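The structure under discussion appears below in the form of structure tokens.
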Amino acid sequence: MSSASHQRRVGPVPAAPEENRLYTIGEMASEFDVTTRTIRFYESKGLIAPARRGVARSYSRRDRARLKLILRGKNLGFSLEAIAEYLKLYDADPAHIAQTQMLLSGVEQAIEDLQAKRADLDRTLKELKDIRAKCIEHLKAQGVAKPSA
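Numbering-wise, the numbering used here puts 64 at position 64 of the sequence shown, and it's gapless, one number per residue.
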């Protein structure tokens with residue numbers, strides 16, 4: 001062997017591969033625009049499980065992905081129970097068949113719920129506009145100008 005092969009590497013240590021990267025709770029909170037308290041809450045519910053070194057938490061790519069799914073689910077109106085079930089299926093089913101079926105069912109239900117709410121909103125807006133028109137008509141008939149908003 002040449003002496004060059006025994007030389008020590010000089011210079012900066014190469015960064016850990018991205019799959020091994022760990023995140024602090026502050027980094028996670030900043031990236032997802034949530035509080036550290038929110039992250040600790042999801043941890044207390046068993047939805048994420050960071051490694052601990054003393055009191056410090058270290059979040060893996062898996063924890064980061066799970067937090068992203070949790071926040072997306074909450075944003076779409078899913079309950080924590082439904083999100084927990086979804087995450088459990090994610091871990092148990094490598095092909096993600098059951099998870100995808102569950103997600104599809106939940107999405108279809110959410111679409112139905114939102115369409116019903118839209119119909120309710122449309123109906124309420126129409127009623128309010130009708131009442132507004134009658135109020136303006138009544139005020140005009142009484143010789144009163146429409147009050148400015």
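Positions of the beta carbon are idealized from the N, C-alpha and C atoms, including for glycine. Remember, predicted model here, so these are calculated numbers, not experimental data.
Beta-carbon proximity of residue i to residue j, cut-off 7 Å
i, j, result
"E19", "R61", "yes"
"S44", "P50", "no"
"A110", "G73", "no"
Cβ distance (whole Å) where residue i is taken to contact residue j below 8 Å
i, j, result
"Y86", "Q99", "6 Å"
"R64", "M28", "7 Å"
"K146", "L139", "6 Å"
Contacts around residue i, its chain only, beta-carbon distance under 8 Å, and the 5 residues preceding and following it disregarded
i, result
"G26", "T36"
"L103", "Y86"
"P14", "Annotation note: pLDDT 47 at P14 (below 50); position unreliable, coordinate value reported separately. Closer than 8 Å at Cβ, skipping near neighbours: no residue."
Contact set for residue i: own chain, Cβ-Cβ below 7 Å, skip 5 residues either direction
i, result
"I70", "Y42, L47 and I83"
"R21", "R61"
"Y23", "Y59 and R64"
Reference residue i; option with closest CA among the options
i, options, result
"K68", "L104, V34, K134 and E137", "V34"
"S79", "D120, K117, V107 and K126", "V107"
Beta-bridge pairing of residue i - partner residues as DSSP gives them
i, result
"S58", "A51"
"Y23", "Y59"
Sequence-distant residues of its chain with Cβ nearer than 6 Å to residue i (five each side left out)
i, result
"Y90", "Q99"
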